[in-house]
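Here the sequence shown is numbered in UniProt numbering, starting from 1 and rising by one per residue.
For each residue, glycine too, the CB sits at the ideal point set by N, CA and C.
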Amino acid sequence: MANCNVNLTMNPEILPSSKKEEAFNEFYTEVKEIEKRDSVLTPKQQIDRLLRPGSTYFNLNPFEVLQVDSDVPLDEVKKKYKRLSILVHPDKNQDDPDRAQQAFEIINKAWKTLENEETRTKCLDVIEEAKARTDHMVSFIRRTLFIYRMPSHKNIGVIYNRDIFNI
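Here is the structure:
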């Protein structure tokens with residue numbers, strides 16, 4: 001790692017709870033703005049999003065493919081599916097019908113997965129498990145952080161435990 005220092009003001013362990021909440025809300029607002037911007041992409045941009053490098057892994061999550069939250073009702077998911085499928089349909093994208101067909105198939109597969117109650121439930125279970133594991137790992141890493149003092153500054157930053165990251 002080139003630079004392991006993290007400013008203390010961004011360390012959630014040190015921030016007062018009101019500052020933690022404010023920092024989280026700022027971050028969450030920024031993420032939602034990015035998602036909103038990405039949800040109105042042009043047909044070519046949507047096709048590129050679905051076929052970009054690494055998309056095979058990304059496209060395993062049908063909620064991400066259709067750009068909806070996992071708690072959205074099925075009728076809203078269906079509306080989003082219809083909008084996206086029209087947007088990337090090969091007949092509407094004559095300049096690149098092969099890529100449009102691939103993107104269209106990805107969107108159809110995501111819809112078929114979410115349309116079926118059994119597979120939708122499995123997807124939700126996987127998402128919940130991933131969230132729980134992520135929360136556990138974040139908690140573990142927070143417990144292993146330690147504060148250090150630099151000669152000219154008091155408590156200027158945080159460095160990660162070298163055992164965890166093998167540095």
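Buried versus exposed, by CB contacts within 10 Å (16 or more), residue i
i	result
V138	exposed
Y81	buried
F146	Because the pLDDT of F146 is 49, which lies under 50, any placement of that residue in the model is unreliable, and the number read from its coordinates should be weighed accordingly. Result: exposed.
V68	buried
Residue i in three-state terms, based on DSSP
i	result
D98	helix
V31	helix
L66	coil
V72	coil
R52	coil
N59	coil
L87	helix
N25	helix
N116	coil
F146	Residue confidence for F146 is low, a pLDDT of 49 falling below 50, so the modelled location carries little weight and cannot support an answer.
For residue j and residue i, believed in contact at Cβ under 8 Å, the rounded distance
i	j	result
F88	Q46	In the sequence as presented, Phe is not what sits at residue 88; that position holds Val. So it is a contact: roughly 5 Å between Cβ atoms.
residue 212	P43	This structure does not reach residue 212, given that the chain is present from 1 up to 167, and the question cannot be answered.
R49	L60	Rounded, the Cβ-Cβ distance is 15 Å, inconsistent with contact.
Best match in the options for proximity to residue i [C-alpha to C-alpha]
i	options	result
L84	L74, D96 and V65	V65
D125	R143, D71 and E76	D71
V77	K112, K122 and E129	K112
F58	K79, D95, I107 and E21	I107
Close-in-space but distant-in-sequence residues of the same chain around residue i (CB under 6 Å, 5 per side omitted)
i	result
A110	P62, V65 and L66
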